[in-house]
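>
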Amino acid sequence: MKTRFGILPTAVVLVLIGLVCTAPVSAQSFALRVNAGATNPYTDKAGHAWQPDKSYAQGNGFGFVGGDTVDRGSDVKIEGTEDPAIYQTER
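In my numbering, the protein residues as written are 3 to 93.
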């Protein structure tokens with residue numbers, strides 16, 4: 003037995019499959035962690051990699067221009083973190 007709506011459900015299903023198959027993939031997040039004033043890379047307790055800061059140069063992507071570095075050293079107690087090395091230096 004033929005129905006009036008025989009083609010419509012098939013067309014709707016095909017359109018929905020097409021939409022699902024062409025749905026954009028969400029972008030992954032990206033974190034650039036820079037340890038200002040540091041001279042060496044550092045990996046924190048959570049496994050995140052921190053880059054030391056660097057002087058800006060065209061094509062570098064990032065960097066500092068001027069400023070002084072403050073290094074408190076490891077003798078100064080920094081509370082409220084499991085990674086005091088991140089907070090020991092600044093620019």
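Glycine included, every Cβ here is placed at the ideal spot set by N, Cα and C.
State the start and end residues of the unbroken beta strand (DSSP E) segment that holds ALA51.
Its beta strand (DSSP E) spans residues 51-54.
> DSSP on TYR58, reduced to helix/strand/coil?
DSSP places TYR58 in coil when its eight states are reduced to three.
> I'd like to know whether the C-beta atoms of ARG93 and PHE66 end up nearer to each other than 7 angstroms.
Contact flag set, yes.
> By DSSP's criteria, VAL72 is part of a beta bridge. Which residues make up the other side?
Note: VAL72 sits in a beta bridge opposite GLU92.
> Buried or exposed for ASN42, going by 16 or more other Cβ atoms inside 10 Å?
The residue in question, ASN42, is exposed, as its Cβ has fewer than 16 Cβ neighbours within 10 Å.
> Taking only three categories from DSSP, how would you classify ASP77?
It is coil, neither helix nor strand.
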